[in-house]
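Residue numbers (our numbering): 515 to 794. The beta-carbon is built from N, C-alpha and C at its ideal position, and this holds for glycine as well. The block underneath contains the structure these notes are about, expressed in structure tokens.
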């Protein structure tokens, strides 16, 4: 089934001074699907989310979010079409968890959707397994709990586009699976477009419909999981030997090579041994 593009990024270039962070990035994220952004550290994944969300000024190119350009749309208009969870979910002030989640409902103040505030806040807390934390001060929570509260706020915002930057990084395996399963259900059953940055290649393969693989600020490969996940593609992008196993059920499993320490690692170990020999 053909799905409607919700986010269309064309020739996106972002430069800070002489440093080019993104170079002619082009891709689209469709409603009803999860689009995964993968790639090594510094590839530009978080920068793309910042540019799409309107938090980072672009140098060239176009971004369209359901007819809205983040460079010219008002903050209120943007907050009604996209919700964002960035990597840093720390809160500097004392807020109750429920109050943090309620912030996601502010774009709908004065509209008919405000009638659903309490129900959506409760539902978002329940969906992320944080309802029991509703009366806690958010600064007393663990990193994983804060991440789930931040996701609750995003869900409560009720937007057709959701962007998540490493939402599972601080989570235990149970909550990782719950969160990604929840996002897949939301995408498919409510026609939301989800864009998610993931470092876990196996999780991305299991839950994403499409993959945008980045390297050095450029799109290295883009397409469905099967087309992107090849030994050659992933090994080249990550600069490390990687094998992709296709299992009997059709799922993919990524195996990075083990014990591949190189000259730099060997030199460090030699220096440590030399220092120990001198001081012993």
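> Which one of 532, 524 and 542 has the shortest CA to CA distance from residue 724?
Replying inline: The alpha carbon of residue 724 has as its nearest neighbour, out of 532, 524 and 542, the alpha carbon of 542.
> From residue 764 to residue 730, what distance separates their C-alpha atoms?
Replying inline: The alpha-carbon atoms of residue 764 and residue 730 are separated by roughly 31 Å.
>> Please return the same chain residues whose Cβ sits closer than 6 Å to the Cβ of residue 515, not counting the five positions on each side in sequence.
In response: In this predicted model, residue 515 has a pLDDT of only 49, less than 50, meaning its place in the structure is not dependable; the value taken from the coordinates is given anyway. Nothing meets the Cβ criterion.
> How close, in whole Å, do the beta carbons of residue 641 and residue 694 come, if the pair is a contact with beta carbons under 8 Å?
Replying inline: Not really, about 13 Å apart at Cβ, beyond 8 Å.
> Which residues in the same chain have their Cβ closer than 6 Å to the Cβ of residue 522, if we skip the five residues on either side of it in sequence?
Replying inline: Result list for residue 522: 542 and 578, in chain order.
> Using the C-alpha atoms, what's the distance from residue 791 back to residue 534?
Replying inline: Those two C-alpha atoms are separated by around 45 Å.
>> For residue 701 and residue 728, I'd like the C-alpha separation in whole angstroms.
In response: Residue 701 and residue 728: Cα-Cα distance of roughly 23 Å.
>> From the DSSP secondary-structure annotation, give me the bridge partner or partners of residue 542.
In response: Looking at the DSSP output, residue 542 bridges to 522.
>> Can you give me the C-alpha to C-alpha distance between residue 537 and residue 594, rounded to a whole angstrom?
In response: Each residue's Cα considered, the two are about 28 Å apart.
>> Just to confirm before moving on: does the CB-CB distance between residue 526 and residue 565 stay below 8 Å?
In response: In this structure, residue 565 lies closer than 8 Å to residue 526 by Cβ.
> Just checking my contact of residue 678 with residue 651 at CB under 8 Å: how many whole Å lie between their CB atoms?
Replying inline: That belief does not hold up - the Cβ atoms of residue 678 and residue 651 are roughly 24 Å apart, past 8 Å.
>> Please list the terminal residues of the continuous beta strand (DSSP E) segment that includes residue 759.
In response: Taken as a continuous stretch (DSSP letters only), the beta strand (DSSP E) holding residue 759 covers 756-760.
> Exposed or buried, residue 622, counting other C-beta atoms within 10 Å across all chains shown (16 or more means buried)?
Replying inline: Counting the other Cβ atoms within 10 Å of the Cβ of residue 622 gives 16 or more, which makes it buried.
>> Within the continuous beta strand (DSSP E) that includes residue 676, where are the two ends?
In response: Segment 675-679, the beta strand (DSSP E) holding residue 676.
> Taking the DSSP output, what are the residues bridged to residue 550?
Replying inline: Beta bridge pairing from DSSP links residue 550 with 710 and 725.
>> Please state whether the Cβ-Cβ distance between residue 629 and residue 661 is less than 8 Å.
In response: Not closer than 8 Å, so no.
>> Please tell me whether residue 698 and residue 721 are closer than 8 Å, where the distance is taken between their beta carbons.
In response: Against a cut-off of 8 Å, the Cβ pair of residue 721 and residue 698 comes out as a contact.
> Does DSSP put residue 670 in a helix, in a strand, or in coil?
Replying inline: In the structure shown, residue 670 sits in a helix (DSSP, three-state: H, G or I).
> Around the Cβ of residue 663, are there at least 16 other Cβ atoms within 10 angstroms (buried) or fewer (exposed)?
Replying inline: Looking at its Cβ environment, which holds 16 or more other Cβ atoms inside 10 Å, residue 663 is buried.
> Can you tell me the Cα-Cα spacing of residue 466 and residue 736, whole angstroms?
Replying inline: In the structure as shown, the chain starts at 515 and stops at 794, and residue 466 therefore has no counterpart that could be examined.
>> Could you compute how far the alpha carbon of residue 755 sits from the alpha carbon of residue 644?
In response: If you draw a straight line from the Cα of residue 755 to the Cα of residue 644, it is about 39 Å long.
> Over what stretch of residues does the beta strand (DSSP E) that includes residue 643 continue unbroken?
Replying inline: No beta strand (DSSP E) holds residue 643; DSSP gives it neither H nor E.
> What residue does the alpha helix (DSSP H) around residue 738 start on, and which one ends it?
Replying inline: Where residue 738 is concerned, there is no enclosing alpha helix (DSSP H), although the beta strand (DSSP E) it sits in stretches over 732-738.
> Would residue 592 be called buried (16 or more neighbouring beta carbons within 10 Å of its own) or exposed?
Replying inline: The residue in question, residue 592, is buried, as its Cβ has 16 or more Cβ neighbours within 10 Å.
>> Given this structure, state the Cα-to-Cα distance separating residue 675 from residue 597, to the nearest angstrom.
In response: Rounded to whole angstroms, residue 675 to residue 597 spans 6 Å at the Cα level.
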